[in-house]
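*Asks:*
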Amino acid sequence: MASNSKIVNALIGAARNGKEVTVMLELRARFDEESNLEWKEILEAEGIKVLTGIPHKKVHAKLCIIKKRTEGKTIQYGFISTGNFNEKTARFYGDQLLFTADRTIMADINKIFSVLKKPKNDILPVLSTCKKLLVCPQFMREKIFKHIDKEIEEAKAGRKAEMIIKVNSLSDKECILKLYQAAKAGVKIRMIVRGFFVLFLRRILKQK
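Numbering (the UniProt record's numbering), first residue to last: 1 to 208.
#1: Buried or exposed, going by whether 16 or more other CB atoms sit within 10 Å of the CB of Asn-17?
#2: Which residues share a DSSP beta bridge with Val-193?
#3: Given a cut-off of 8 angstroms, decide if Lys-146 and Val-130 are closer than it, judged by their beta-carbon atoms.
#4: Please determine, among Lys-49, Val-59, Tyr-180, Phe-99, the residue with the shortest C-alpha to C-alpha distance to Ile-189.
#5: Considering Cα atoms alone, identify which of Glu-46, Lys-156, Met-140 is closest to Ala-185.
#6: Drop a sphere of 10 angstroms on the beta-carbon of Glu-44, count the other beta-carbons inside from all chains shown, and report buried for 16 or more, exposed for fewer.
#7: Closest to Ile-148 by C-alpha separation, out of Val-135, Phe-139, Asp-122, Glu-162, would be which residue?
#8: For Ala-101 versus Gln-76, is the C-beta distance shorter than 8 angstroms?
#9: For Leu-37, which option in Ala-14, Arg-69, Asn-84, Leu-25 has the closest C-alpha, if you only look at C-alpha atoms?
#10: How is the beta strand (DSSP E) around Ser-81 delimited, first residue to last?
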């Protein structure tokens with residue numbers, strides 16, 4: 001997070017206004033370990049509950065749940081983001097954020113936070129029930145492949161088949177082979193890759 005983080009100031013403001021605030025802070029974030037430890041102390045001093053993740057797992061998701069009571073009913077909304085809440089790095093990276101009140105998505109986000117709150121419990125039975133969110137490392141590849149296979153079926157049936165993929169890097173061997181398979185079947189693939197890109201376009205062209 002930035003040295004004068006607006007998101008942290010907003011969370012502290014909410015806590016001071018009587019809101020119950022819980023934050024998951026990635027202590028092992030690259031280049032930010034010392035800074036994040038300081039933020040942890042600041043947040044806890046304000047009465048904010050700080051979660052630090054799951055043992056031996058890197059928790060890198062950017063999720064939010066906001067709950068409020070209106071006319072006797074609990075309303076939930078929140079967001080899923082690809083980017084960190086860092087005003088400094090936001091000037092250089094392109095990220096997406098989905099702000100939603102979709103009940104199925106919110107149910108998935110609640111499941112993830114329930115796991116983060118009790119990291120010593122068996123997390124797989126809970127995460128396996130997520131319906132919209134792809135949760136790694138156990139389930140993401142399997143579900144991504146199902147989406148790719150669906151496009152392959154569409155292409156083989158002579159229908160429009162297309163994928164747009166945006167990732168920080170692509171080096172997963174199984175995923176690359178699956179993309180070769182999709183390209184050979186006639187699926188149009190467009191990719192935006194910021195970092196490592198281990199995929200040989202010549203091989204795709206030869207297969208065609």
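Note that CB positions come from ideal geometry on N, CA and C, so glycine has one too.
*Replies:* According to the structure data:
#1: exposed
#2: Val-167
#3: Here residue 130 is Cys; the residue named in the question, Val, does not match the sequence. In this structure, Lys-146 does not lie closer than 8 angstroms to Cys-130 by Cβ.
#4: Tyr-180
#5: Lys-156
#6: exposed
#7: Glu-162
#8: yes
#9: Leu-25
#10: 73-81
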